[in-house]
Every structure is written in structure tokens, then in C-alpha cells.
Ligand SMILES: Cc1ncc(COP(=O)(O)O)c(C=O)c1O
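Numbering (this note's numbering), first residue to last: -18 to 314.
See below:
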């Protein structure tokens, strides 16, 4: 399992129980009664697209899906990249997701929309798709753990062989292999290079490093350019921290002051070491830690775009707003 989730054995019963409700092709149904076609290209060939989204209980007590529009737009782009039918509207899916959360009494949750193929064992295009939206409880990560990261023996997929900017299920065989390899070697997580030997990303997260007051992250082209990565740019702009996208190697990364992974599930998680070599700064004195704090604030703040005020108002809860789901969405984006 990725570092930000529980151990596999803890999870078996945690995803759903007999009361869990999912969204399936326009209906709200019991997870235990839902069926998927065993003759689907999705199951046999890894031909499906998905999103990983989080919802949080805001300081005002509301449930808010973080960056909902961005995630559902990416789902649509992923489906288009794989020639999958996508007859869904973003606002309807967001509304359906709020309903699934509410039916399962969840506020702090992980949300997994999946677009999958109907029965068809050939490689041909389908005229329709299926959609499922599953949710399960996931508490916010408070940032106390630091990761021991290992440079993987696996590379990220060749962008000429895959639509790597799409969040396609088949790409995650690579993630599983790298993550399991790192754990078997006693590390917390893997870091993968691209096919040219430059640092790309983690199995399910983007990477940043800090050096002399500036943050660096791999350029787009060989990575999934994450929504959290874009949020880090937004945070840095507001905090006046310079950020640069560039190609770099693990050798340069090892000389950094600090480093972190970021992603929807991972949030912002600092590194203790890469291949056993620790970083110059302690996490708590790094700029990266400041970015982590800002991210934690952002996800639980009622009006996220007022972020530039965060520094002054740090940790002071704002009054809760009683807006409906759609209003939250408008204010968020
Ligand atoms: C391979 C990979 N890179 C990066 C990310 C981070 O993306 P995001 O911030 O949109 O969750 C993810 C997670 O979805 C991922 O699976």
C-alpha cells in the first residue's frame, strides 16, 4: 500500500461494509450489491481512468471536496486521452459525490471515481462507459511522519508508449512494482526516474526539493502533473517562495536542504532521507514545512481562495458558512 494508507491487512474491511453506498451509473446502490462485468477491458487490460480526491471537514464544520472541479475535469481529460466515452457533467458528478459522502456520513474522506469499460475483450473502442464513485474514511495527515525514500530500480513509463498525463489504471502496475520494491528493501516509499535518468515522481505523488530558499520540481512531460503540485505553486506564490520546474538527478536531490512528496492522498509529506542520505535541514526548520502548514490550512479553510490571508490569520478558524454544495464549488474555483 502507499505510505499514506494503512497496512493492507487493516484495510480489507475498512473500504466498505454492508451499509456503504456508492454511486453507480446514475444510481446510489449498496457497495456489497454492486456488480462489475468480468469481461471488461478494464479488468483484463488496465483500461480505465480514475481520480483520487479528498473531502475535508472545514473549520466551519462543512464538508468540502478539495479542488473538486479540477479533479473531475482531469477525469474527463483522462477519459478523452484513452478514447473512452464520457457523457458526464462535472457539476452533476460533484453533486453526486456530495450525496455519496452524506449517505455514508463521511466528511474526511477519500473519493475514488472510476470510469470503466463495458464487456468487450477485443482492443476496440466502446460506445459507452460505466462510472462508479466510491468513498471511504481518510483522516487528514498532520505531517508528523517523515519518509525514508529509495531510488527505484523501476522507471516511470515512456511518454511515447502511454498517455502519462492521464490517470489510467494500467499505469499503476508500475507504481505498485516500485512501491513494493521499496518496502521490501525496508524503505517507506520509492522515487522513480524518467526514461532519461532524471527524477520524475513517486508511485502516487509528485516531488519537490528545497535548496537555498527556493523550491524545485520536475518539469511536466514525464510525470502526472498533480493538482496538489499546482496547489503548491499557488501556495508559494502567496508565501513569496520562488519555485522552478527543471530536470534534475537524484544526485542533485541528495544535496538539497529538504524534500517532500505531494499528492491528494499524501498531502505534503517531508522526507527524512533518500537512499539513506539525510537532508541538511531538519524538517521543522525548512521552508518546506511552512508550505506543508499552509497546505493543511488550505484544505480545511472555508474560503480557500482567501489563501493570501492565511499567513496573518494562521490557525484562526473562520466562521462556518452554510452554503449548499454547489456554492462551495463556485467559491472554491
Ligand atoms: C503518479 C502520480 N503522480 C502524482 C500524483 C499527484 O497528483 P494529485 O496531486 O493530483 O493527487 C498522483 C496522485 O494522483 C499520482 O498517482
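Glycine included, C-beta positions come from ideal geometry on N, C-alpha and C.
Remember, predicted model here, so these are calculated numbers, not experimental data.
With a CB to CB cut of under 7 Å and the five nearest residues on each side skipped, what residues in its chain are close to residue 118? Cβ within range, chain order: 87, 89, 90.
If you measure between the beta carbons of residue 22 and residue 98, is that distance less than 8 Å? Yes. Within cutoff.
Evaluate residue 35 with the Cβ neighbour count: other Cβ atoms within 10 Å of its Cβ, from every protein chain shown; 16 or more gives buried, anything less gives exposed. Taking all protein chains in view, the Cβ of residue 35 is crowded by 16 or more other Cβ atoms within 10 Å, so the residue is classified as buried.
Compare the beta carbon distance of residue 173 and residue 181 with 8 Å and say whether it is the shorter of the two. At the C-beta level, residue 173 and residue 181 come within 8 Å of one another.
How is residue 88 classed by DSSP in three states: helix, strand or coil? When secondary structure is reduced to three states using DSSP, residue 88 falls in the coil class, being assigned neither helix nor strand.
Does the region 6 to 26 come within contact of the region 53 to 62, defined as at least 3 CB pairs closer than 8 Å? In this structure the region 6 to 26 does not touch the region 53 to 62; the number of beta carbon pairs closer than 8 Å is below three.
Apart from the five residues on each side of it in sequence, which residues of its chain come closer than 8 Å, Cβ to Cβ, to residue 20? Answer for residue 20: 100, 101, 102, listed in chain order.
Considering just the uninterrupted stretch of the beta strand (DSSP E) at residue 29, what are its terminal residues? DSSP places residue 29 inside the beta strand (DSSP E), whose first and last residues are 29 to 31.
Where in the region 205 to 254 do unbroken runs of the alpha helix (DSSP H), each at least 4 residues long, occur, reported from the N-terminal end onward? Annotation: the region 205 to 254 contains the following complete segments of the alpha helix (DSSP H) (minimum length 4 residues), in chain order: 208 to 220, 231 to 235.
Residue span of the alpha helix (DSSP H) that contains residue 51, given as start and end: Counting along the chain, residue 51 sits inside the alpha helix (DSSP H) bounded by residues 49 to 62.
Would you please state the rounded distance, in angstroms, between the beta carbons of residue 213 and residue 130? I believe it to be under 8 Å. 18 Å between Cβ atoms; not a contact.
When you compare the region 225 to 244 with the region 190 to 206, are there three or more beta-carbon pairs, one atom per stretch, that lie closer than 8 Å? Yes, they touch.
Cutoff 7 Å; reference residue -1; Cβ partners in own chain excluding five residues on either side: Answer for residue -1: 13, listed in chain order.
Could you pull out every unbroken alpha helix (DSSP H) segment of at least 4 residues lying fully inside the region 0 to 30, listed in chain order? Here the runs fully enclosed are 22 to 26.
Any heavy atom of ligand 1 closer than 7 Å to the beta-carbon of residue 63? Outside the cutoff, so no.
Can you tell me where the alpha helix (DSSP H) holding residue 274 begins and where it ends? 268 to 280 is the extent of the alpha helix (DSSP H) around residue 274.
So, residue 196 versus residue 224, is the Cβ gap smaller than 8 Å? Taking 8 Å as the Cβ cut-off, residue 196 and residue 224 qualify as a contacting pair.
So the candidates are -4, 9, 26; which of them puts its Cα closest to the Cα of residue 150? When each option's Cα is compared against that of residue 150, the closest is 26.
Specify the secondary structure class of residue 258 as computed by DSSP and reduced to three states. It is a strand residue.
What's the C-alpha gap between residue 96 and residue 125? Their Cα atoms are separated by approximately 34 Å.
Would you call residue 122 buried or exposed, if buried means 16 or more other Cβ atoms sit within 10 Å of its Cβ? Buried, because 16 or more other Cβ atoms sit within 10 Å of the Cβ of residue 122.
Beta-carbon proximity list for residue 61, same chain, < 8 Å, skipping 5 on both sides: Short of 8 Å from the beta carbon of residue 61, and not among the five residues preceding or following it, lie these beta carbons of its own chain, in chain order: 67.
Confirm the yes/no value for this check: CB of residue 205, any heavy atom of ligand 1, distance under 7 Å. Correct: residue 205 has its Cβ closer than 7 Å to ligand 1.
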